Structures are given as C-alpha cells and as structure tokens.
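Protein chains in written order, with the numbering used here: chain D, 1 to 435; chain G, 1 to 306.
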C-alpha cells in the first residue's frame, strides 16, 4: 500500500518539470521560433505599409525630401494600377534627422509599431547603416536609396539591405584614370573626416597609385567646417595638378562657394566624387566647378527620360525643383523595383522578396541609362552606368546645369573591394515575415 | 615665416568674423543675463531678408519687382545691408515682448522660450523659402579674388573682415561714447539701480534685444556669401557665439572681440597644419582658458571670488 502510494504520488519536482515543459511548449506553439513569428494578414485586403526613412531635417533635409518624392511617385503609379498583389500601398514617414541614433529609433518604431513591410530611404551613410542594423534584426527588407559610402555594400552590408546609388569607389573608378592622363599625376585629397569621406578617399588613393599617380597630401576636413580658407591656402601652397574632393553635404556647399570666390575651380583640376542634384539646383553655375559623378541626369538623350520628367512635373507642380535629379531618380527606381519584386514573388514574404531582388536585372531602357543594370547578389549593390559631368556653361536653359562628359558601363566601375569586404548574414539566419 | 604668415592673416580675418557673430549675443547676455538660443535663427533670418531685398521674386511682386531688379546690384546690396538688420531687430523686439513673462523667473524659462523661438523661426524660413540651398548675390566690386605674394585670396573675405571691423567700431562707439551706451552698461552692471534712478528698464531691454538681434542679422548677411544659405545655417553661428562669450568673459565687449580673434587664429592655423583638429581647436582653447581663468579672459570678477 505504502509502495503503491509512492508509485502514484506526484513529487513537487515532477510537477514543476511538467509545468515548465507545458509552458514552454505552449509558448512555442503560440509564438513559434522568433524568426518565423511575424505573419500578419498576408493575402488579405490589408494595405501594404512602407516605412519611409528619409531625412526631413539636418544637413540632408533637402535631399531627403527629393528622395521621398521619388518613392511616393513610384508608389502612386502602382496604386493607380490597382496596387500590389491587389493591395493598396500606404506609407508612413518619420524624420530620421540626418542622425544615426534617430535612424535606429525610427526603424524600430516603423517595424514594431507601424508594422511596415519594408523600409525605404537614406542619404547619409551613417543613418543608412544604423537603420539597416535594426532592419536586419527583424528581417525587414530595407532599401538604401541614396547613400554612397563604399562600406554600405562592403563591410556594413546586410542580407536585408539593398543599395541603389553608385558608391565612392564606382565614381573614383570612372574618374581617376581619365583625370591622370588629362590633368597630371600630382594629386591632393580633400577628405571629409567621417566614414564616407575616408572610404571614398581611400578608394581614390588606391586607384591613383595604381594608375601611376602620386598623392602629395591629404587634408582632413572635419564635419561641420564652414570656413575653408586655411585649407584652400594650403592647397595652393601644395600646388597639386588635381584635387580630389570627398566632401559632402553642407560642408561641400560652403567649400564650393569659397572655391568659386577664389577662382580655384579654373586654376587646378577638381574631381568631386558625386554631385547630388538637390545640393546644386538653383545655384549659380560658378559654384559647380570641376568634374563630378552622377547616376542620372534629366537631359540624358535616352528614350523615356523626357516622359519621366513630364511625369515628375505633373506629380509635383509646386516644387521649386522643376526637374528631377539623381536623388529623386534613385528613390523612384528603388521603390519601383521593390514593388515589382513583390509582384513577381507573389508575396510580401521577405525571403521571397530578397531572392527576387538578388536576381534583379533591369534593361537600360527601363533604367533610362546607357547600360543594362543588375543587382550584385554578393553585395546587394545595384551595378549601373556611372556618368561624369561638369558645369554646363553653354546653355540658356537655367535647369540644364550639367554637361555629361562620359559614361562608364557597370563592370568598368565595379567595386571589387566591396565584394571582398561584404560578409552578409545567410538567408536562414535572417528572421522571416509576411505582412 | 612666409609660409605661416598667410595663415595668420587668414586667421585674423576669420577671427573678426567670429567676433561679429558673437557681438549681438554678448550684448543680450550682458544686459539681460539671458542666453538667447534664437541668435542663430536671427542670423539666418537676416540673410534671408537680405536675399529677398537683393533679388525679390518677380512672379510675386510683378512690375514693381522688375523695376527694383533694374536697379544696380550694388544699390540693392547696400539697401539690404541697411534694411535687413532693422527688420531682424523688429523681430527681435517682438521676441523680447514675449520674453517679459519670464523675467524674474528661473533662467530655464528664458532658455526654453528662445529655444522654441529658434525652432519657430527656422521652420518659418523653411516654409517660406523652402529647404533648399539659396544664395545671396554680392556686387562684382567685392567678389572674386586677388593675388598677393603668390597666393590667391578672396576679395569678399577681406571686405567681410572690414564689415566686421566697422560693426565692432560702431558698437564700441555706441557703448563708450553715447549716453545710451552708458545706460546699457549700467543696466548690465546693476539693473535695479538703473531702475531706481528712473530709467525705463523695460524700454532699455527692448532696445538692447533689438540691437542684439539686428547685429545677428547683420552677421548673417556678411557670412552668407562664405558659408552659404540654408534654413539651419544659424546652428553654425550660435555655437561659436556662445563659446566666444564664455572664452572672452560674459558681458565683456573686448572679451568678445579678443575671444573671436583668438578662436579665428586657432581655427585658421590648425586648419592649415592639422586640419582635422581645426573645429576642435576652439573647444580646446576654451578648456585651456577656462581652466586657468574661470570667468573668461575679461569677465567680471564673481562676488564669490576672493
């Protein structure tokens, strides 16, 4: 009797064990493993929400507005055709303030509170990097539309992040060889003292040395510099044949103005890595000195460009910027290709969308560029035509500010270093979701 | 020495511009014991007002605008330099009227109000003139470059330094050679005694705030052709202004001037020889000075000091 009682009695320990196992099992059944737990109303009529992570304040506020207009035009075009997978596309925008810490907070909020299926937008590489870390944590597909540090598709690459702009190395590849043979071998680097400036100048230095040139000096320009007079005096004292400037944002605007006042733009050759259209639109042409890179120009003599400009003007009749620029173009193209990828995938499932984007190929005609473009699956950077341009002094049309000098096909300007530096998470290690 | 001399001269001219930025800030801190965080926004507002006076929107003004634009640029520019600071002074006086409820309360009230005003002014600029980069035309006579000892210098920078010197001289004359200056200085020294002597302290504060705001606007006009013009340009002005008055000694006219020149020299010379330290150099200078002399170079001795 005693024995039987002992056999049938439940010990406190076994009760606790059973309860723990039951709780764990219930929790697993309810939540699933974390990386598979976000499934919301897929295949329903619920709108697809895209989080717009563009700057509305800080030094890239103006470019952020242009970026956003591009995204919104692409979304409006899809909605006019009945949406994506029969679902309307909606947007939520929160200002990322050109500040990485804000970028992280905004990404967290857009994903967890607003349940955004995708995030789109960036001009600052620091902000893009911060957003992408949060996006990777949740598996949310993120499009870095306009930031051009080589690290974005190099050491800071992520499985969920896709980079749409040409990067510093692409622009340097397009410019350096040509500039050495045209202007000379003595180069001086003006480098903005942050991640984009350092990486861009490092790429330029490597190429200059590879093609037989010499870097005679490198001047580091702290972010927030407004007076360049002492640095420009030093540039004059060094007397280089070419100045390669990787100076961006408001720093670049101030520098350009002061170089123009000194007339230094004519007395030595200047290679400015990339020139964003919102940064120069409406300013005197004197401020636009030297040679610079871009991914697109509104006067490219290619099919579809004029019609695209008309669509922009119809969509934004009151915008001061009367023609679209490269920042708008990148915002538009990235968003358009994302939504097309969702349609091809037949689902908002992030892994399916990622696979679609990794295999993306876009014809030159569709891109309104000179060459076919493709997504590099190893770095998630769009490989595209890179243009070199200079100020267009021979025109009466005030908006026709650039004169395109040359174009380079994607493989001529490929950033091989990014391929080596990028080590992204596997798809299996990326949390999955379907909205 | 020939290598260093251009950088010393450049630093000096830069220092005069820094002193100009700090001048209005110093007046308001000195008399009202108020840190005006809207100083940078008033700086930006002056530049935008000048831009409108120099090149108004013809589509908005019609024939009158076209007639105005037919005037020589130099005439429009001179008028802008005279009128735009007055307009900013009026805005500053409006701000001072709002400030009145904060007098006698904790300093945080004034700080918060001017901070709020800075945000409102910057956002208004963005709404009216848009977020994009704009520019202020300057007459041909003061733009371009000149060659000196084998190096190219900006003609405008030289004129900007002269403008700064003129403004410093005028403020000094006002403070030292006029009865109004005596009242302002007395107000800064002991406001209760000034009131006891029958001087209208309310009006004095209004005028000083207007003068400080006008000087901020004038600095904005002078600096814009160098720094460029965008809605948030004021942030670039308010930080050095604050630093310079602490460095020079709060409320001290010559402290602000000398502090500005020292900051200019530090930034100019490090900009040439260790550019990555150029912005940091002003903060290092401040730390060095305040460590040795807590009240700044020419600041008044605190009652707590022996």
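Even for Gly, the Cβ is constructed at its ideal location relative to N, Cα and C. From a predicted model like this one, the values you see are computed outputs, not experimental measurements.
Within 8 Å (strictly less), CB to CB, does residue i reach chain G?
i	result
residue 238 of chain D	no
residue 95 of chain D	no
residue 279 of chain D	yes
residue 373 of chain D	no
residue 151 of chain D	no
residue 202 of chain D	no
residue 33 of chain D	For residue 33 of chain D, the predicted model reports a pLDDT of 38, less than 50, meaning its position is unreliable; a value from the coordinates is still stated below. Residue 33 of chain D does not count as touching chain G.
residue 309 of chain D	no
residue 324 of chain D	no
residue 411 of chain D	no
residue 225 of chain D	yes
residue 496 of chain D	This structure cannot settle anything about residue 496 of chain D, because the visible part of chain D is limited to 1 through 435.
So, is residue i buried or exposed, given that buried needs 16 or more other C-beta atoms within 10 angstroms?
i	result
residue 284 of chain D	exposed
residue 291 of chain G	exposed
residue 150 of chain G	exposed
residue 138 of chain D	buried
residue 60 of chain G	exposed
residue 28 of chain D	Low local confidence applies: a pLDDT of 45 at residue 28 of chain D is under 50, so the model's placement there is unreliable, with the coordinate-based value given in what follows. Exposed is the call here.
residue 279 of chain D	buried
residue 328 of chain D	buried
residue 93 of chain D	buried
residue 16 of chain G	buried
residue 365 of chain D	exposed
residue 56 of chain D	buried
residue 60 of chain D	buried
residue 287 of chain G	exposed
residue 157 of chain G	buried
residue 251 of chain D	buried
residue 140 of chain G	exposed
residue 13 of chain G	buried
residue 273 of chain G	exposed
residue 431 of chain D	buried
residue 200 of chain G	exposed
residue 3 of chain D	Since pLDDT at residue 3 of chain D reaches only 40, below the 50 mark, its modelled position is unreliable, and the value read off the structure follows with that caveat. Exposed: under 16 other Cβ atoms inside 10 Å.
Starting from residue i, trace the beta strand (DSSP E) in both directions and tell me its first and last residue.
i	result
residue 142 of chain G	Where residue 142 of chain G is concerned, there is no enclosing beta strand (DSSP E), given that its DSSP letter is neither H nor E.
residue 243 of chain D	242-246
residue 404 of chain D	402-408
Between which two residues does the alpha helix (DSSP H) holding residue i run?
i	result
residue 238 of chain D	229-238
residue 521 of chain D	Because chain D spans 1 through 435 in this model, residue 521 of chain D falls outside it and cannot be assessed.
residue 10 of chain G	5-32
residue 91 of chain G	73-99
residue 310 of chain D	305-315
residue 156 of chain G	155-177
residue 310 of chain G	Not covered by the structure: residue 310 of chain G. The range shown for chain G is 1 to 306.
residue 51 of chain G	39-54
residue 425 of chain D	First-last for residue 425 of chain D: undefined, no H or E at that position.
residue 108 of chain G	107-129
residue 195 of chain G	191-196
Against chain D, with Cβ distances strictly below 8 Å, would residue i count as a contact?
i	result
residue 259 of chain G	no
residue 156 of chain G	yes
residue 190 of chain G	no
residue 152 of chain G	yes
residue 118 of chain G	no
residue 135 of chain G	yes
residue 234 of chain G	no
residue 306 of chain G	Any answer about residue 306 of chain G is weak, because its pLDDT of 47 lies below 50 and its placement is not dependable; what the coordinates show is given next. False, the Cβ-Cβ gap to chain D never drops below 8 Å.
residue 221 of chain G	no
Does the ligand COA have even one heavy atom less than 7 Å from the beta-carbon of residue i?
i	result
residue 163 of chain D	In the structure shown, the ligand COA is absent, as is every other ligand, since no ligand is present at all.
- Message: For a minimum of 3 consecutive residues, which ranges assigned as the beta strand (DSSP E) are wholly contained in the segment 176-222 of chain D?
- Response: For the segment 176-222 of chain D, whole beta strand (DSSP E) runs of length 3 or above, ordered along the chain, are 186-192 and 214-221.
- Message: If we require 4 or more residues per run, which alpha helix (DSSP H) segments fall completely within the segment 258-301 of chain D?
- Response: Within the segment 258-301 of chain D, the complete alpha helix (DSSP H) segments of 4 residues or longer fall at 264-267 and 277-280, listed in chain order.
- Message: Taking contact to mean 3 or more Cβ pairs, one atom from each stretch, closer than 8 Å, check whether the segment 255-264 of chain D and the segment 291-311 of chain D are in contact.
- Response: Here the segment 255-264 of chain D does not lie against the segment 291-311 of chain D, with fewer than 3 beta-carbon pairs under 8 Å apart.
- Message: Check whether the segment 195-213 of chain D and the segment 168-175 of chain D are in contact - that is, three or more C-beta pairs closer than 8 Å.
- Response: In this structure the segment 195-213 of chain D touches the segment 168-175 of chain D; the number of beta carbon pairs closer than 8 Å is three or more.
- Query: Which ranges would you report for the beta strand (DSSP E) in the segment 37-114 of chain D if only whole runs of at least 3 residues count?
  - Reply: Here the runs fully enclosed are 48-52 and 89-93.
- Query: Which ranges does the alpha helix (DSSP H) cover as unbroken runs of at least 4 residues, wholly within the segment 326-399 of chain D, from first to last along the chain?
  - Reply: Correct list: 326-345, 350-358 and 364-367.
- Could you tell me which uninterrupted alpha helix (DSSP H) segments, each at least 4 residues in length, are contained entirely in the segment 108-161 of chain D, listed from first to last along the chain? The alpha helix (DSSP H) runs lying completely inside the segment 108-161 of chain D and spanning 4 residues or more are 125-138, given in chain order.
- Inter-stretch contact (C-beta, 8 Å, three-pair minimum) for the segment 217-225 of chain D and the segment 235-250 of chain D: Cβ pair count under 8 Å is three or more, so yes.
- Message: Any contact between the segment 304-318 of chain D and the segment 262-274 of chain D? By contact I mean 3 or more CB pairs, one from each, below 8 Å.
- Response: No, the segment 304-318 of chain D is not in contact with the segment 262-274 of chain D.
- Which parts of the segment 266-292 of chain G are runs of the alpha helix (DSSP H), unbroken and 4 residues or longer, counting only runs that do not cross its ends? Here the runs fully enclosed are 278-292.
- Query: Touch check for the segment 21-32 of chain G and the segment 236-245 of chain G: three-plus C-beta pairs under 8 Å?
  - Reply: The segment 21-32 of chain G and the segment 236-245 of chain G touch, with no fewer than 3 CB-CB distances between them shorter than 8 Å.
- Query: Is the segment 73-86 of chain D close to the segment 329-341 of chain D, with three or more CB pairs under 8 Å?
  - Reply: Touching, yes.
- Item | Any 3 or more C-beta pairs closer than 8 Å across the segment 181-196 of chain G and the segment 78-86 of chain G | Pairwise C-beta distances place the segment 181-196 of chain G out of contact with the segment 78-86 of chain G, as fewer than three of them are shorter than 8 Å.
- Query: Between the segment 409-416 of chain D and the segment 213-220 of chain G, are three or more C-beta pairs nearer than 8 Å?
  - Reply: Counting Cβ pairs under 8 Å, fewer than three are found: no touch.
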